[in-house]
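I have placed the structure first, in the form of structure tokens, so that the comments after it can refer back to it.
Protein chains: 2
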Amino acid sequence: MNIDVGVRLRNIRTAFGISQRELARRAGVTNGLISLIEQNRVSPSVSSLKKVLDGVPMSLAEFFTLDLGAAPQAFFGTDELVELGNEQVSLRLVAAQRPGRQMSVLHERYAPGAATGEEMLAHRGEEAGVVIRGRIELTVSGATRVLGPGEAYYFASQLPHRFRNAGREACEIISACTPPTF
Amino acid sequence: MNIDVGVRLRNIRTAFGISQRELARRAGVTNGLISLIEQNRVSPSVSSLKKVLDGVPMSLAEFFTLDLGAAPQAFFGTDELVELGNEQVSLRLVAAQRPGRQMSVLHERYAPGAATGEEMLAHRGEEAGVVIRGRIELTVSGATRVLGPGEAYYFASQLPHRFRNAGREACEIISACTPPTF
DNA sequence: CCTTCTTGTCTAGTATATTAAACGATATGA
DNA sequence: TCATATCGTTTAATATACTAGACAAGAAGG
Chain A
1 MNIDVGVRLR
11 NIRTAFGISQ
21 RELARRAGVT
31 NGLISLIEQN
41 RVSPSVSSLK
51 KVLDGVPMSL
61 AEFFTLDLGA
71 APQAFFGTDE
81 LVELGNEQVS
91 LRLVAAQRPG
101 RQMSVLHERY
111 APGAATGEEM
121 LAHRGEEAGV
131 VIRGRIELTV
141 SGATRVLGPG
151 EAYYFASQLP
161 HRFRNAGREA
171 CEIISACTPP
181 TF
Chain B
1001 MNIDVGVRLR
1011 NIRTAFGISQ
1021 RELARRAGVT
1031 NGLISLIEQN
1041 RVSPSVSSLK
1051 KVLDGVPMSL
1061 AEFFTLDLGA
1071 APQAFFGTDE
1081 LVELGNEQVS
1091 LRLVAAQRPG
1101 RQMSVLHERY
1111 APGAATGEEM
1121 LAHRGEEAGV
1131 VIRGRIELTV
1141 SGATRVLGPG
1151 EAYYFASQLP
1161 HRFRNAGREA
1171 CEIISACTPP
1181 TF
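Line by line, the protein sequences are chains A and B. One point on numbering: in the numbering used here, the residue at position 84 of the first sequence is 84, and numbering is uninterrupted. So the mapping is simple: the numbering used here equals the position in the second sequence, first residue as 1, plus 1000.
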């Protein structure tokens, strides 16, 4: 449940082969604080954690992103793409069953008038894509734009977003998102 | 020199269109604390910042990887894609200048006879794509296959791989890779 | 003009992060 | 054996994060 800041910091410090006192000296804090943080006896303020990491040095973003993730199937015929959508919005997923993959790549098809729903979507991760046929109306954080063939998008998926095919022609998009939502 | 936690939090909260009190309710903290944090009057402890972000929801890693300042560009016209390739292999990159992005999404175009080179490529990460026009000959770990429109690939980039357009028609692919190689 | 609701801000009191200094343990050398 | 380091831990005092509640400003409706 809790982010284990203490263990993380200890791992990093020992990986650099420096003592609590040495790190404290570089960071401009006391060695006692380092000790307490590493034991999870206190939850450091962002400002002091930043000071500590500056002594390594390491950014807060790097600190909180510690992890990563095979020779499975590499080629996929059209019939090997897994169909996920409905009649209005077709989603063909590449490498659906691949364990531990870091992205979802989709061939999307929006029928005329189709949309991702009435509500705005919002979830973790990032998504991007290129329109290859037709036109799509995309709204991100209140901003709306219609994209045509060759045009593209890239946004953080936390921002409220919605896709809608406002035209009369079907619209196709190749898209990718990470981490894999589908 | 300090990370502007307050402005970040305010940007995120307003992007979601919720009030300080609503966020506080979801996060299980007081609205006053949200106010103080957003004004940078206090530097929140990691534990309380995590509580607040859980209300969005957003991870600490995502929070600190968000780029500061204005909302990044979400829409890209064809002329806003950055051209990276040569005359044989054209690579149009989406969101090239976006700092901290987690993927590269490309519109690739292989002229007849064009290839990624004589040597096999091998690097970190994963890559995937969908062919939208023409045919491409893809070799991964010794296995070779020709993919046509609607067909796709997904493989770990450490595996030796090579793309070649063996046909007479230009071939277009929309591809994605993570982490961003381009 | 009134309410009544919502917004963000501020203040006094309390909980907790942080400091300064001490402690015990381990190691090295005279 | 006795120093003299350095290591991580602990404690009491202090600085600061956090809470509960009040405040002023704006909007909606009577």
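No residue lacks a Cβ here, since even glycine has one placed at the ideal position from N, Cα and C.
Quiz item: alpha helix (DSSP H) containing A:Arg25: first to last residue?
Solution: Gln20 to Ala27
Exercise. Check each candidate in B:Glu1022, B:Arg1026, B:Arg1164 and B:Ile1034 and name the one with the smallest Cα separation from B:Gly1113.
Key: B:Arg1164
Practice problem: Check whether the Cβ of A:Pro180 lies closer than 8 Å to any Cβ atom in chain B. | Solution: no
Quiz item: Where does B:Arg1021 land, buried or exposed, given buried means 16+ other C-beta within 10 angstroms?
Solution: exposed
Quiz prompt | Helix, strand or coil at B:Ala1111 [DSSP, three-state] | solution = coil
Quiz item: Comparing the C-beta of A:Gly32 with each C-beta of chain B, is any distance below 8 Å?
Solution: no
Exercise. Please name the residue in A:Val140, A:Ser45 and A:Val52 whose C-alpha comes closest to that of A:Ile34.
Key: A:Val52
Self-check item: Inter-stretch contact at 8 Å, needing at least 3 Cβ pairs: the region 1138-1158 of chain B / the region 1102-1110 of chain B
Solution: no
Exercise. Please classify B:Arg1168: is it buried, with 16 or more other beta-carbons within 10 angstroms of its beta-carbon, or exposed?
Key: exposed
Quiz item: Beta-carbon separation of B:Leu1049 and A:Val46 under 8 Å?
Solution: yes
Practice problem: For A:Thr186, collect the residues of the same chain with a Cβ closer than 7 Å to its Cβ; drop the 5 residues on either side in sequence, then sort them by chain order. | Solution: As shown, chain A starts at 1 and ends at 182. That puts residue 186 of chain A outside it, with no answer to give.
Practice problem: Look up B:Phe1155 in the DSSP assignment and say whether it is helix, strand or coil. | Solution: strand
Quiz item: Less than 7 Å between the CB of A:Ile174 and some heavy atom of the ligand HEM, yes or no?
Solution: No copy of the ligand HEM occurs in the structure displayed, which carries no ligand at all.
Quiz item: Got a sec: is the Cβ-Cβ distance from A:Gln158 to anything in chain B below 8 Å?
Solution: yes
Quiz item: Can you name, in chain order, every residue of its own chain whose Cβ lies under 6 Å from the Cβ of B:Arg1162, other than the five neighbours on each side?
Solution: Thr1116, Met1120 and Thr1139
Quiz item: Would you say B:Ala1024 faces chain A, with C-beta separation under 8 Å as the test?
Solution: no
Quiz item: Thinking just about the alpha-carbon of each residue, which of B:Gly1032, B:Val1131, B:Leu1060 and B:Thr1030 is nearest to the one in B:Val1005?
Solution: B:Leu1060
Quiz item: In whole angstroms, what separates the C-alpha of B:Ala1015 from that of A:Ser43?
Solution: 28 Å
Quiz item: Do we get a CB-CB distance below 8 Å when we pair A:Glu169 with the residues of chain B?
Solution: no
Quiz prompt | Backbone secondary structure at A:Gly167 - three-state DSSP | solution = coil
Quiz item: Rounded C-beta distance between A:Ala128 and A:Ser175? I'm assuming under 8 Å.
Solution: 7 Å
Quiz item: Roughly how many whole angstroms lie between the Cα atoms of A:Val94 and B:Glu1151?
Solution: 9 Å
Exercise. Determine, using beta carbons only, whether A:Gln102 comes closer than 8 Å to chain B.
Key: yes
Practice problem: Quick one: list the residues of chain B neighbouring A:Pro57, beta-carbon separation under 7 Å, in chain order. | Solution: Near A:Pro57 there are no residues of chain B at all, since even the closest Cβ is about 13 Å away, more than 7 Å.
Quiz item: Under 8 Å between the Cβ atoms of B:Ile1136 and B:Tyr1154?
Solution: no
Quiz item: What residues in its chain sit with their C-beta under 7 Å from that of A:Arg145, if we drop five residues either side in the sequence?
Solution: Leu138
Self-check item: Bridge-paired residues (DSSP) for A:His183
Solution: Not covered by the structure: residue 183 of chain A. The range shown for chain A is 1 to 182.
Quiz item: Any idea if B:His1107 is buried or exposed, counting beta-carbon neighbours within 10 angstroms, 16 or more meaning buried?
Solution: buried
Quiz item: Who are the neighbours of A:Ser45 on chain B, taking C-beta pairs under 7 Å?
Solution: Ser1043, Pro1044 and Ser1045
Quiz item: Exposed or buried, which one is B:Glu1195 when buried takes at least 16 other CB atoms within 10 Å?
Solution: Residue 1195 of chain B lies beyond the stretch modelled for chain B, which goes from 1001 to 1182, so this question has no answer here.
Quiz item: In chain B, which residues lie less than 9 Å from A:Leu36 when you measure between Cβ atoms?
Solution: What A:Leu36 touches in chain B: nothing, since even the nearest Cβ is about 12 Å away.
Quiz item: Apart from the five residues just before and just after A:Ile37, which ones in its own chain have a Cβ nearer than 7 Å to its Cβ?
Solution: Val5, Gly6, Leu9 and Pro44
Quiz item: Secondary structure at B:Glu1062, three-state DSSP: helix, strand or coil?
Solution: helix
Quiz item: Is the shortest distance between the beta-carbon of A:Pro154 and the beta-carbons of chain B less than 8 Å?
Solution: In the sequence as presented, Pro is not what sits at residue 154 of chain A; that position holds Tyr. Yes, contact with chain B.
Quiz item: What are the start and end residues of the alpha helix (DSSP H) that includes A:Leu49?
Solution: Val46 to Asp54
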